[in-house]
């Protein structure tokens with residue numbers, strides 16, 4: 061399947077705007093917090109060069125251990 065860049069930064073459904081855990085040298089500890097921070101930065105409009113224009117909602121998912129726990133967080137903002 062060819063996505064035509066839809067999930068890339070600047071695409072219609074941008075994902076992993078900060079490069080995800082692989083770009084951070086993920087060691088397996090505490091990584092989920094950084095995913096949540098990036099999602100929060102996006103909806104607050106504070107993601108710098110990674111900012112998705114007019115981001116109103118973000119969905120963050122992560123797992124811990126060997127799928128010992130999992131979470132889905134949906135963040136949003138209200139604009140006047």
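In the numbering used here, the protein residues as written are 61 to 140. We treat Cβ as the ideally placed atom computed from N, Cα and C, and that holds for glycine. Here the structure is a predicted model, which means the values were calculated and not measured.
Check	Outcome
Taking DSSP as the reference, what is the three-state secondary structure of residue 97?	helix
On the DSSP letters alone, give me the boundaries of the beta strand (DSSP E) that residue 121 sits inside.	117 to 124
Would a C-beta distance cut-off of 8 Å place residue 69 and residue 101 closer than the cut-off?	no
Compare the C-alpha of residue 113 against each of 134, 76, 120, 103 and name the closest.	103
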